[in-house]
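Input: a single structure, listed below in structure tokens.
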Amino acid sequence: MLSLAVLGSGKGSNFQSIFEAIEEGRLAARIVCVISDVPEAFILERARRAGLPAEFVDCGPWRTKVEGEAEQRLLERLRAHGADTIALAGFMRMLKRGLISAYPGRIVNIHPSLLPAFPGLRAWQQALEYGVRVTGCTVHFVDEGMDTGPIIVQRTVPVLDDDTPDTLHARIQEQEHIAYPEALDLLARGRLRIEGRRVRRV
Ligand code: GRF
6 MLSLAVLGSG KGSNFQSIFE AIEEGRLAAR IVCVISDVPE AFILERARRA GLPAEFVDCG
66 PWRTKVEGEA EQRLLERLRA HGADTIALAG FMRMLKRGLI SAYPGRIVNI HPSLLPAFPG
126 LRAWQQALEY GVRVTGCTVH FVDEGMDTGP IIVQRTVPVL DDDTPDTLHA RIQEQEHIAY
186 PEALDLLARG RLRIEGRRVR RV
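In the working numbering, each residue's number is its place in the sequence shown (first place is 1) plus 5.
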């Protein structure tokens, strides 16, 4: 059973899918806290409505990373809530070594493309502009790179001729909401072994 901290900066639809999977018995976890670096993020509101501890943590002056004092602050809050696993769900900052080494093999992220294609921001728009016919989503372990860690689960989404960035992102999110609880449940059940770049299911 995971003691899960969910970190997000935005609307929190992935948090919602994780929460529902737990409620429905599809994911062996409990959510110990939901943390955001954005005080007004809707993910915090969703967490409160679900009756979960929801907390804004000041993650420091750099909008794209958590470093130094802010990293220590975040670590302290994660420990205070008893988190043993961290799920990044639309958290818009990169984690640095201090946090990553405190949770080895226990931090996962979801990204809206088939990595290693289209890392970084607005991956669905990058895919559309590039002209790929298939994209999707990836759940992966977090390392110090940007969207580079070992891959756990991927799900594909076809790109349609009349797709706009919004329609494509919406269909990718439908698949995210399946992929993320599934990947976390594999982790919860001890079914994942990281071997170099590859994640083997045992
Ligand atoms: C998702 O598309 C996820 O892949 C990306 O950020 C978005 C978060 O969406 N990392 P939400 O806040 O979970 O709705």
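Just so it is clear, CB atoms sit at the ideal spot from N, CA and C, and this is done for glycine as well.
Subject >> Nearest-angstrom Cα separation, counted from Leu-100 out to Ala-107 >> reply: One-based indexing of the sequence shown puts residue 107 at position 102. One-based indexing of the sequence shown puts residue 100 at position 95. Roughly 11 Å separates the two Cα atoms.
Original post:
Taking DSSP as the reference, what is the three-state secondary structure of Thr-172?
Top reply: Mapped onto the sequence shown, residue 172 falls at position 167. In this structure, Thr-172 counts as helix in the three-state DSSP scheme.
**OP:** Report the residue from Ile-48, Gly-150, Arg-202 whose alpha carbon sits nearest the alpha carbon of Gly-95.
**Re:** Working through the sequence shown from its first residue, we reach residue 95 at position 90. Out of Ile-48, Gly-150, Arg-202, Ile-48 has the C-alpha closest to the C-alpha of Gly-95.
Subject >> Limits of the alpha helix (DSSP H) - the one that Leu-79 falls within >> reply: Indexing the sequence shown from 1 puts residue 79 at position 74. Its alpha helix (DSSP H) spans residues 73-85.
**OP:** Could you tell me whether any Cβ in chain D is nearer than 9 Å to the Cβ of Gln-178?
**Re:** Chain labels in this structure do not include chain D; a single protein chain is all it has.
**OP:** Determine the extent of the beta strand (DSSP E) in which Glu-200 is found, giving its start and end residues.
**Re:** Sequence index remark: in the sequence shown, residue 200 carries index 195 (1-based). Its beta strand (DSSP E) spans residues 197-200.
Original post:
Are there 16 or more other CB atoms within 10 angstroms of the CB of Gln-21, so buried, or fewer, so exposed?
Top reply: Counting from 1 along the sequence shown, the entry for residue 21 is found at position 16. So Gln-21 ends up on the buried side.
Subject >> Nearest residue (CA-CA) to Gly-15, options Pro-44, Ile-36, Glu-29 >> reply: Reading the sequence shown from its first residue, position 10 is the one you call residue 15. Selected option, being the one with the closest Cα: Pro-44.
Original post:
Within this structure, are the beta carbons of Leu-9 and Arg-35 separated by less than 9 Å?
Top reply: Translated into the one-based positions of the sequence shown, residue 9 becomes position 4. Translated into the one-based positions of the sequence shown, residue 35 becomes position 30. Yes.
Original post:
Identify the residues that DSSP records as bridge partners of Thr-153: which are they?
Top reply: Taking the sequence shown and counting its residues from 1, the one referred to as residue 153 is at position 148. None, per the DSSP bridge assignment.
Original post:
On the three-state DSSP scale, how would you describe Pro-163?
Top reply: Here residue 163 refers to the residue found at position 158 of the sequence shown. Of the three classes helix, strand and coil, the one that applies to Pro-163 here is strand, per DSSP.
Original post:
Can you tell me where the beta strand (DSSP E) with Phe-146 in it begins and where it stops?
Top reply: Against the sequence shown, residue 146 aligns to sequence position 141. 139-146 is the extent of the beta strand (DSSP E) around Phe-146.
Original post:
Is Ser-106 near the ligand GRF, in the sense that its beta carbon is under 8 Å from a heavy atom of that ligand?
Top reply: Position 101 of the sequence shown, counted from the start, is the residue given in the question as residue 106. No, the ligand GRF has no heavy atom inside 8 Å of this Cβ.
Original post:
Does the distance from the CB of Pro-117 to the CB of Thr-140 come in under 9 Å?
Top reply: For the purposes of this step, residue 117 is taken as residue 112 along the sequence shown, with counting starting at 1. For the purposes of this step, residue 140 is taken as residue 135 along the sequence shown, with counting starting at 1. Going by C-beta atoms, Pro-117 is nearer than 9 Å to Thr-140.
Original post:
Counting only runs that start and end within the stretch 99-140, where is the alpha helix (DSSP H) found for 4 or more residues in a row?
Top reply: 102-107, 128-135
**OP:** Give the range of the alpha helix (DSSP H) segment to which Ser-41 is assigned.
**Re:** Numbered from 1 along the sequence shown, position 36 holds the residue referred to as residue 41. From DSSP, Ser-41 is part of no alpha helix (DSSP H) but of the beta strand (DSSP E) over 34-41.
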